[in-house]
DNA sequence: ATGGGTCCT
DNA sequence: AGGACCC
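Numbering (the numbering used here), first residue to last: 32 to 708.
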């Protein structure tokens, strides 16, 4: 494998058909239901994330087949293992049979993964001014980079496209990267014809289509961010670039490990629908197993003849009907879908929502996540030996409660500031033994206990597609002592068990005193209330984004005057209108409030440091400084961890074990020592 | 399968 | 309190 990110093939922009400009006019009068190609959305999926976290902590494992185990299955495995026949979600025994020298690491403690995910997310949040960044699970992110892309489009110089500069910040013109605006970075879908390269004129022609230009810019931004994730943090990723979340995510899977794909509308053809048509409906994000099987059963009632057997002799997945199958069904419509899916408790606009998804329309916003999670839960399963007696249950509740209290302190508190005496010597020399003072960022109002009975035991029904047997839960207000930071976790946890979890447990299992056959316990805190604090870290959120979007606009107006790129523009000097006179350059309607909203609090322009929610992590500060640091090329030191490009990487020796570890991985490595390996 | 999360009813 | 969705 060559260096995929660095050497990612760039694709020449195909020549633009005549009607590009006309198409832009259509966008002008979009109503809310229209295509909605006025946003630019990136989706990144870190490649085999859990395995990458382990590899970064133990670089020697990079070249070995590695699997990450949770209970009896592999949650994931690295690509070395995949070439040896190991697959995700494979039982450990089967994986070892396929690959006898497989290295299996336990991944049941999610702390290292959560931590790595948060550091990558923090980087992405600070990397593009004005962007919103949403995490999906631990290993995926969406970014809405519309503001930055629109800004950069305005600055393109049509006479020097090959030497373009992408600005990541409007206020710091130095922050950014160079790129070749006559090409897309990475792959495009559909792949361009092998026809003439059209070097001359291709750049000029393409500028007529605002959607295409935005996607081209976004492809370079995505390539840059993925390169930073890889070079600075050690994580490769797959990227998708499109105009909404569902398309960005879907197209990101087209070129899977360590690459990216831009979904490119082709004038005069419905390539986006063709792209969707080939997918199984279950593969469309937002269409889950329940919805899929209801639709499948309705269109092709079980017991009838085999499903429409187009060209393929076999289905890729069992029960797989495609988007095309659904849309080609006689009289298919949003209303028909609504009827099919209508059942007690069904979502309100369900049919229309699915219809839109099947057409690649997705108006859902990229949500800027808050500083604090909205829920924290800890659970364990007891499939092999279900819980049946009170002492067993209490012991497990105690384990879970301890870990919950620890998680609450880790994720819901922040270092307390010394407001009274900033120049005090106390903060300078921290006594090593003492605990840092912390305060709550948000506190939960609700405590919930959930259980789930073992399915195999007492005659529970086992449907083939029963995804998870259902849980039952009870909740109550979280007792205030749970927020006492002055007591050890274990002590708080014990009291929580006695005074809250045990009563909840009794409420859950009222008839029986024992013999519940519990296969799962889950303890959860929810209903977080942000602590009204100083302005700098208000959990109300979003302040930074507003400020920065405003800066993009005003800076854009100023810089545009020097830009050779002036379109059909009538230059305006007012600061209250949108940035460009061209409709295609106007900010999307639903973002206008960002431009008009008043700035709040003491938001920091670079969006970075006030949001640190890492707890004891010295690594987050160092990660911050690493971001823009130049690699000093100190490569003559020993063994030499190298990335796959053969470039040397800054490294340190672990004080505990003597292992040489890349600098970016050191904090994760140390956490492994803390865990006791 | 796991050990998490989100939002909607 | 539970369901459906996501990883």
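C-beta atoms are modelled at their ideal positions from N, C-alpha and C, and glycine is treated no differently. For clarity, every value in this text was computed on a predicted model and none was experimentally measured.
I'd like to confirm the pairing. Which residues does DSSP put opposite residue 79 in its beta bridges?
Note: residue 79 sits in no beta bridge, so no partner.
DSSP three-state call for residue 599: helix, strand or coil?
Summary for residue 599: the model assigns pLDDT 29, below 50, so the residue's position carries little reliability; its value from the coordinates is reported in the next sentence. Looking at residue 599 - three-state DSSP - the assignment turns out to be coil, as it is neither helix nor strand.
Could you tell me which residues DSSP pairs with residue 479 in its beta bridges?
Answer is 506 and 555.
Would you mind working out which of 173, 293 and 484 sits nearest residue 738, comparing C-alpha positions?
As shown, the chain starts at 32 and ends at 708. That puts residue 738 outside it, with no answer to give.
Whole angstroms is fine: what's the gap from residue 502's alpha carbon to residue 539's?
Their Cα atoms are separated by approximately 11 Å.
Taking the alpha carbon of residue 402 as the reference point, which residue from 195, 472, 204 and 219 has its own alpha carbon closest?
472
Alpha carbon to alpha carbon, what distance is there between residue 111 and residue 206?
36 Å
Measuring alpha carbon to alpha carbon, tell me which of 433, 99 and 358 ends up nearest residue 84.
99
Go to residue 385, then tell me how far its alpha helix (DSSP H) extends in each direction, as first and last residue.
381-389
Where does residue 408 fall in DSSP's three states?
strand
To the nearest angstrom, report how far apart residue 295 and residue 154 are at their CA atoms.
Distance from the CA atom of residue 295 to the CA atom of residue 154, rounded to whole angstroms, is 28 Å.
Secondary structure at residue 198, three-state DSSP: helix, strand or coil?
strand
Give me, in chain order, the residues of the same chain whose beta-carbon lies closer than 7 Å to that of residue 546; leave out the 5 immediate sequence neighbours on both sides.
Excluding residues within five positions, the ones whose Cβ falls inside 7 Å are 419.
Closer than 7 Å by C-beta to residue 322: which residues in its own chain qualify, once you throw out the five before and the five after it? Chain order, please.
372 and 385
Let me know if residue 120 comes out buried or exposed under the rule of 16 or more other beta-carbons within 10 Å of its beta-carbon.
Under this definition residue 120 is an exposed residue.
Kindly indicate which three-state DSSP category residue 143 falls into: helix, strand or coil?
helix
Using the rule of at least 16 other Cβ atoms within 10 Å of the residue's Cβ for burial, across every protein chain shown, is residue 291 buried or exposed?
Here residue 291 is buried. Its C-beta has 16 or more other C-beta atoms within 10 Å.
According to DSSP, is residue 125 helix, strand or coil?
helix
Could you work out which residue in 362, 105, 374 and 325 is closest to residue 351 when comparing CA atoms only?
325
If I'm right that residue 475 touches residue 557 with Cβ under 8 Å, what's the distance once you round it to whole angstroms?
6 Å
Over the uninterrupted alpha helix (DSSP H) stretch that includes residue 114, give me the two end residues.
110-114
By a C-beta neighbour count over all protein chains shown, 10 Å radius and 16 as the cutoff for buried, is residue 259 buried or exposed?
buried
So, for residue 435: in the same chain, excluding its five sequence neighbours on each side, which residues have a beta-carbon less than 6 Å away from its beta-carbon?
409 and 554
Closer than 6 Å by C-beta to residue 428: which residues in its own chain qualify, once you throw out the five before and the five after it? Chain order, please.
Contacts found: 528 and 532.
Quick check on the DSSP output: the beta strand (DSSP E) that includes residue 272 runs from which residue to which?
Where residue 272 is concerned, the enclosing beta strand (DSSP E) stretches over 268-273.
According to the neighbour-count rule (16 or more other Cβ atoms, all chains shown, within 10 Å of its Cβ), is residue 392 buried or exposed?
So residue 392 ends up on the buried side.
Over the uninterrupted alpha helix (DSSP H) stretch that includes residue 220, give me the two end residues.
That residue, residue 220, is in no alpha helix (DSSP H); its beta strand (DSSP E) goes 218-220.
Distance check for residue 202 and residue 394, CA to CA, integer angstroms please.
Each residue's Cα considered, the two are about 30 Å apart.
Nearest-angstrom Cα distance between residue 162 and residue 131?
46 Å
Helix, strand or coil: which one does DSSP assign to residue 298?
coil
Please state whether DSSP places residue 373 in a helix, a strand or coil.
coil
Relative to the alpha-carbon of residue 438, which residue among 416, 305 and 523 has its alpha-carbon at the smallest distance?
The shortest Cα separation from residue 438 among 416, 305 and 523 belongs to 523.
Pull the bridge partners of residue 165 from the DSSP assignment, please.
According to DSSP, residue 165 shares a beta bridge with 173.
Could you tell me the distance, in whole angstroms, from the CA atom of residue 114 to the CA atom of residue 77?
19 Å
Are residue 141 and residue 97 closer than 9 Å when you measure CB to CB?
Note that the C-beta distance between residue 141 and residue 97 is not below 9 Å.
Within the continuous alpha helix (DSSP H) that includes residue 254, where are the two ends?
241-264
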